[in-house]
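Residue numbers (the numbering used here): 140 to 415. Beta carbons are placed, not taken as given, at the ideal position from N, Cα and C, and that holds for glycine. Just so it is clear, the structure is predicted and the values come from calculations on it, not from any experiment.
Pasting the structure below:
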């Protein structure tokens, strides 16, 4: 393998989000120790990254302070710009009236944590899969990345969650066309600067969904099982279709924006079964 990504979510401060969590100091020490320890112990050339939720990378939070402290040990930080305080899918990179500007959030990380180096910050998207309103269509994500290139011609690129929701690679190819246009820019020397123009990707066709007749509600208020267009495998999103998990799985809500199909959920209190 070529590195380790640290995907730590939810609790790093005492009493966070109304919980009884009381090990904030220990959690933050763990995040620092594991990051620095990995950097010191992994082979040269290995990557160490963090992929926190955007809400956890707001200036002043415990996680933000950790990232700032261990920035020199990180290759990238990869904010999930689909988990709480930003919504570039509908409000664009620069934001709107209802959510924090993703551009402002990105810029704060660049200037305050990484000494002005935008190549250290990778823009995170969610691929539409389970009705999550924070997810970005191909067209929306392409627009956001084109705007990001305008602001930061040499940036860290993009990542998305989750590959299972893009089985034919169409989302990745569309967004990748923007990212590839600036690939390698961070390796250019001052004597050989790179000139980057805003890429114009191939227009992404808007799919026309096949109409699905409304299914009658059962006595319990749930859609009958045959209303599922497809069954969702383990770890797949199920927020909008909680009764469509594969056999042996149940749908567990882990926060207000995300639910997964699991055999068992042991992450209390982040486990609320919502399937019948």
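Cα-Cα separation, residue i to residue j
i: residue 387; j: residue 410; result: 17 angstroms
i: residue 356; j: residue 273; result: Unreliable placement is indicated for residue 356, whose pLDDT of 33 sits below 50; no coordinate value is reported for it.
i: residue 182; j: residue 176; result: 12 angstroms
i: residue 189; j: residue 167; result: 13 angstroms
i: residue 193; j: residue 276; result: 19 angstroms
i: residue 205; j: residue 170; result: 7 angstroms
i: residue 412; j: residue 218; result: 27 angstroms
i: residue 154; j: residue 187; result: 29 angstroms
i: residue 400; j: residue 148; result: 18 angstroms
i: residue 310; j: residue 384; result: 23 angstroms
i: residue 368; j: residue 382; result: 11 angstroms
i: residue 294; j: residue 287; result: 8 angstroms
i: residue 336; j: residue 267; result: Any answer about residue 336 is weak, because its pLDDT of 44 lies below 50 and its placement is not dependable; what the coordinates show is given next. Rounded to the nearest angstrom, the two C-alpha atoms are 29 angstroms apart.
i: residue 230; j: residue 238; result: 8 angstroms
i: residue 351; j: residue 313; result: Residue confidence is low: residue 351 scores 43 on pLDDT, short of 50, so the model does not pin down where it sits. Its coordinate-derived value is still stated next. If you take the alpha carbons of residue 351 and residue 313, they lie about 27 angstroms apart.
i: residue 191; j: residue 216; result: 8 angstroms
i: residue 202; j: residue 302; result: 26 angstroms
i: residue 393; j: residue 232; result: 26 angstroms
i: residue 397; j: residue 264; result: 14 angstroms
i: residue 213; j: residue 370; result: 38 angstroms
i: residue 320; j: residue 292; result: 10 angstroms
i: residue 421; j: residue 318; result: Residue 421 is absent from the model: the chain starts at 140 and stops at 415.
i: residue 414; j: residue 389; result: 6 angstroms
i: residue 256; j: residue 249; result: 6 angstroms
i: residue 143; j: residue 198; result: 24 angstroms
i: residue 163; j: residue 157; result: 13 angstroms
i: residue 200; j: residue 247; result: 13 angstroms
Beta-bridge pairing of residue i - partner residues as DSSP gives them
i: residue 244; result: Answer by DSSP bridge pairing: none, since residue 244 is not bridged.
i: residue 310; result: None; residue 310 has no bridge partner.
i: residue 390; result: 400
i: residue 412; result: 391
i: residue 192; result: 219
i: residue 298; result: 263
i: residue 383; result: Its beta-bridge partners do not exist; DSSP assigns none.
i: residue 239; result: 225
i: residue 376; result: 399
i: residue 371; result: 384
N-terminal and C-terminal residue of the alpha helix (DSSP H) that residue i is part of
i: residue 186; result: It is not in any alpha helix (DSSP H) - residue 186 instead sits in the beta strand (DSSP E) that spans 186-189.
i: residue 111; result: The chain is shown only over 140 to 415; residue 111 falls outside these bounds and no answer can be derived.
i: residue 286; result: 277-290
i: residue 207; result: 201-209
Start-to-end residues for the beta strand (DSSP E) that takes in residue i
i: residue 265; result: 262-265
heavy atom of the ligand ZN below 6 angstroms from residue i C-beta
i: residue 383; result: With respect to small molecules bound, the structure shown includes none, and the ligand ZN cannot be examined in it.
Query raised in the report: Which ranges would you report for the beta strand (DSSP E) in the segment 142-166 if only whole runs of at least 3 residues count?
Result: For the segment 142-166, whole beta strand (DSSP E) runs of length 3 or above, ordered along the chain, are 142-145.
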